[in-house]
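Counting in our numbering, the sequence shown runs from 49 upward without gaps.
Just so you know, even glycine gets a beta-carbon here, dropped at the ideal spot from N, CA and C.
Predicted model only: the values in this text are computed from it and were never measured.
Since the structure comes first, as structure tokens, the remarks are kept for the end.
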Amino acid sequence: MDGKKMKRKVKKSSHSDLRVPALFLLNLLLAGCVPARLAVYSRPGGAEVYVNERLVGRTLNEVKPVTIEVKPGEYRVAVKRDGYRDWRRSVKVKSGEEVPVLADLEEIPIQPYRAPTGNLEIRTEPGGVRIVLDGEEIGRTKKRPGAPVEIENLEPGRYELHFEKEGFKPIERVYEVFPNQTTKVHEILEARLPYYAFPTNDDLLRVAVRRALRGVAFMPGIKSSQSIAIVSQEAEVGEGRGLRPLIEDVLVAELAQYGRKVVERDQHLLARIANEAARGDTMLLQILTRHGGPEAPFLYDARLLSANQALEVVGADGTRTRYRIRPNPLVPPAKIPTADQILSYRIVEKTLRVDPSRNPAAAEPMLRREAIVRLFLRLIDAHTGMVIWADRFEASVKDEVPERVYRYLEEPPSRLYGYGSRNSPVAPGPVSKEGGRAETEPAAVTLEVIGGKKPGKEEALFWYYRNLGEAYLRARRYPEAEVHLTEAANLRPGDYDTEMLLAETLLKQNKVEAAAAHYRAAVGSLLR
49 MDGKKMKRKV KKSSHSDLRV PALFLLNLLL AGCVPARLAV YSRPGGAEVY VNERLVGRTL
109 NEVKPVTIEV KPGEYRVAVK RDGYRDWRRS VKVKSGEEVP VLADLEEIPI QPYRAPTGNL
169 EIRTEPGGVR IVLDGEEIGR TKKRPGAPVE IENLEPGRYE LHFEKEGFKP IERVYEVFPN
229 QTTKVHEILE ARLPYYAFPT NDDLLRVAVR RALRGVAFMP GIKSSQSIAI VSQEAEVGEG
289 RGLRPLIEDV LVAELAQYGR KVVERDQHLL ARIANEAARG DTMLLQILTR HGGPEAPFLY
349 DARLLSANQA LEVVGADGTR TRYRIRPNPL VPPAKIPTAD QILSYRIVEK TLRVDPSRNP
409 AAAEPMLRRE AIVRLFLRLI DAHTGMVIWA DRFEASVKDE VPERVYRYLE EPPSRLYGYG
469 SRNSPVAPGP VSKEGGRAET EPAAVTLEVI GGKKPGKEEA LFWYYRNLGE AYLRARRYPE
529 AEVHLTEAAN LRPGDYDTEM LLAETLLKQN KVEAAAAHYR AAVGSLLR
């Protein structure tokens with residue numbers, strides 16, 4: 049009995065223990081079915097609420113949320129409103145909980161309205177031109193031909209462009225830029241006139257002298273049947289230095305134009321010729337030729353050199369060499385010139401005033417020049433010494449020249465060479481280097497000394513051939529001019545002045561194609 053009772057008790061105890069886990073599991077299942085809530089607030093209100101990318105509602109204001117029942121778990125919540133950045137979060141929800149979610153929205157700044165912009169595409173000929181846009185320098189065009197410079201993101205409207213380059217005339221233009229378009233600009237700058245396109249100071253004085261002496265051929269007592277000697281009343285000193293050749297050139301031209309006979313031009317030369325001829329000596333007449341520019345005529349003076357007299361020759365590089373003059377049998381014996389009348393002159397005033405110009409219409413800074421010349425002339429009977437008449441002649445000439453070229457007009461590039469007895473660059477002369485044996489012409493000896501022993505040989509050679517060629521051109525000896533100018537052009541390729549002189553020489557000989565080639569080379573040197 050006791051054993052059976054024990055067995056029953058054991059069975060009852062086992063049934064009660066199995067019921068407890070079942071109740072626990074049932075409670076867990078019932079708890080998982082209790083819904084949770086999400087309460088989504090937005091600041092400001094009026095925002096759309098998304099849960100797992102699905103629209104679930106819109107907040108009315110900052111205190112009234114959007115409430116949604118969800119199962120326990122993790123959800124992606126997004127809040128959106130126009131004008132604000134999207135708000136996104138991940139939210140975990142437990143069973144039976146109400147989870148508040150506050151979305152504090154960030155306002156998107158209002159972007160100002162930007163109108164569409166336009167561009168400028170700029171090309172210039174030549175390149176390397178300075179560009180100024182509405183008063184502000186923005187750079188230079190590219191030196192490579194045809195390469196454009198682009199200016200982007202310009203507001204639509206009108207722009208003032210200014211183009212500048214040294215040696216060229218500036219250009220001012222107004223261009224309009226349109227929205228979403230590129231305005232193309234192509235400007236060709238015109239080269240400024242070079243210095244030799246303007247009269248030098250000597251040229252201006254020559255014009256003044258011409259005006260002052262206009263009509264001198266018709267003064268009383270000057271007749272075509274009588275010969276006239278032009279002499280200076282005083283030595284060339286002070287303000288008159290350099291003006292004597294101008295005055296004598298004009299007097300000779302003025303008198304010869306109306307049939308007057310001019311036999312000599314220099315008082316001291318007359319006396320020396322008479323003295324040398326009376327002694328029966330042969331002599332060397334040295335001509336010093338100077339060129340004031342491509343358009344300037346010969347300006348010359350002369351002096352006599354006796355035998356065994358030392359002559360100093362100045363080379364193109366400034367070196368000085370002394371030579372001994374030897375007797376020259378090739379020089380013809382001098383003759384005493386005769387004249388019926390003597391027209392003497394004296395320089396009273398030679399003035400060149402230079403002041404800044406106040407011309408507002410000028411495209412570049414200008415200088416105002418005024419040349420004033422006053423002369424005193426006397427006509428003398430050479431046989432009796434009586435003064436036929438005496439009078440004052442004067443004139444004034446004004447002009448304007450660019451400030452940039454004035455230094456060339458004041459002292460134009462020139463060279464001085466000594467020649468033999470004739471007015472020819474290659475006339476044979478009796479000059480030999482002092483202490484040496486070889487005899488040769490002064491210019492050639494000078495060239496040898498400069499080129500062989502001093503630096504800058506090519507520079508000296510260039511100026512030697514250039515000046516001799518120019519002298520031949522002005523003397524209308526075109527074949528010789530072509531030879532020497534060609535040598536100069538080979539020594540300095542692309543030199544504007546040399547190319548222009550050579551082109552002119554070829555054109556005088558009707559070599560049109562060759563002349564055109566050198567004209568193109570001259571223009572090309574300006575564009576580089």
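**Item:** Same chain, Cβ closer than 7 Å to Leu-291, neighbours up to 5 away in sequence not counted
**Value:** Counting only residues of its own chain and dropping the five nearest sequence neighbours on each side, Leu-291 has a CB closer than 7 Å to the CB of Leu-253, Ile-395, Lys-398.
**Message:** Output needed for Tyr-207: all residues of its chain with C-beta closer than 8 Å, excluding positions within five of it in sequence on either side, in chain order.
**Reply:** If we look at Tyr-207 and ignore the five residues flanking it on each side, its Cβ neighbours are Leu-168, Leu-181, Asp-182, Val-222, Tyr-223, Glu-224, Val-225.
**Request:** Just confirm the distance between the C-beta atoms of Glu-583 and Ser-138, as a whole number of angstroms; I'd bet it's less than 8 Å.
**Result:** Residue 583 lies beyond the range of the chain shown here (49 to 576); nothing can be said about it.
**Asked** Thinking C-alpha only, which one of Val-233, Glu-203, Glu-185, Gly-205 is nearest Glu-212?
**Response** Glu-185
**Request:** State the Cα-Cα distance for the pair Gln-305 and Thr-546, rounded to the nearest angstrom.
**Result:** 33 Å
**Request:** Taking only the alpha-carbon atoms, compute the straight-line gap between Ser-444 and Lys-191 and give it to the nearest angstrom.
**Result:** 46 Å
**Asked** Can you round the beta-carbon distance between Val-402 and Arg-422 to whole angstroms, since I take them to be within the 8 Å contact cut?
**Response** 19 Å between Cβ atoms; not a contact.
**Request:** Return the chain-ordered ranges of every beta strand (DSSP E) run that is complete within the segment 398 to 430 and spans a minimum of 3 residues.
**Result:** 414 to 429
**Message:** Just list the residues that DSSP pairs Lys-446 with in beta bridges.
**Reply:** Glu-418
**Prompt:** Taking all protein chains shown into account, do 16 or more other C-beta atoms lie within 10 angstroms of the C-beta of Met-434, making it buried, or fewer, making it exposed?
**Reply:** exposed
**Message:** Less than 7 Å between C-beta atoms, sequence neighbours within five positions excluded: which residues of the same chain meet that for Asp-439?
**Reply:** Leu-425
**Request:** Decide yes or no for the touch test of the segment 89 to 98 against the segment 117 to 133: beta carbon pairs closer than 8 Å, at least 3 of them.
**Result:** yes
**Prompt:** Relative to the C-alpha of Val-279, which residue among Thr-115, Glu-459, Ala-430, Leu-554 is closest?
**Reply:** Ala-430
**Request:** Pull up the distance between the alpha-carbon of Arg-540 and that of Arg-514, whole angstroms please.
**Result:** 10 Å
**Request:** Look up Thr-553 in the DSSP assignment and say whether it is helix, strand or coil.
**Result:** helix
**Request:** For Gly-187, write down the residues that DSSP places opposite it in a beta bridge.
**Result:** Ile-179
**Message:** On the criterion of 16 or more Cβ atoms from any shown chain inside 10 Å, does Phe-266 qualify as buried, or is it exposed?
**Reply:** exposed
**Request:** List the DSSP bridge partners of Arg-106.
**Result:** Glu-96
**Asked** Would you call the segment 556 to 566 and the segment 526 to 533 in contact, with 3 or more CB pairs under 8 Å?
**Response** yes
**Item:** chain D contact for Glu-528 (CB, 7 Å cutoff)
**Value:** The structure shown contains no chain D, having only a single protein chain.
**Asked** With distances taken between CB atoms, is the gap from Tyr-132 to Pro-113 smaller than 7 Å?
**Response** no
**Prompt:** Considering only residues of the same chain and omitting the five flanking positions on each side of Thr-534, which have a CB-CB separation below 7 Å?
**Reply:** Leu-550
**Request:** Output the distance between the C-alpha atoms of Asp-447 and Val-264, rounded to the nearest integer angstrom.
**Result:** 25 Å
**Item:** Outcome for Gln-389 when other beta-carbon atoms lying within 10 angstroms are tallied against a minimum of 16
**Value:** buried
**Request:** Give the straight-line distance between the Cα atoms of Asp-250 and Pro-196, rounded to the nearest whole angstrom.
**Result:** 45 Å
**Request:** Compute the Euclidean distance between the alpha carbons of Ser-405 and Pro-413, then round it to the nearest angstrom.
**Result:** 7 Å
**Request:** Keeping to the same chain, check which residues put their C-beta closer than 7 Å to that of Tyr-243; ignore five residues upstream and five downstream.
**Result:** Val-453, Tyr-456, Leu-457
**Request:** Using beta-carbon positions only, say whether Leu-427 and Val-449 come within less than 7 Å of one another.
**Result:** no
**Message:** Taking its Cβ as the centre, do 16 or more other Cβ atoms sit within 10 Å of Leu-241, making it buried, or is it exposed?
**Reply:** With a 10 Å radius around the Cβ and a threshold of 16 neighbouring Cβ atoms, Leu-241 comes out exposed.
**Asked** Given Arg-106, which residues of its chain have a CB within under 6 Å of its CB, disregarding the five upstream and five downstream residues?
**Response** Glu-96
**Item:** Exposure of Gly-176, with buried meaning 16 or more beta-carbon neighbours within 10 Å
**Value:** exposed
**Prompt:** Which residue comes first and which comes last in the beta strand (DSSP E) that contains Leu-168?
**Reply:** 166 to 173
**Request:** Report the rounded CA-to-CA distance for Ser-272 versus Leu-294, giving the unit in angstroms.
**Result:** 23 Å
**Buried versus exposed call for Tyr-520 [16 or more other C-beta atoms within 10 Å across all chains shown]** = With 16 or more other Cβ atoms within 10 Å, it is buried.
**Prompt:** So who's on the other strand from Phe-211, going by DSSP bridges?
**Reply:** In DSSP, Phe-211 forms a bridge with Ile-179, Ile-219.
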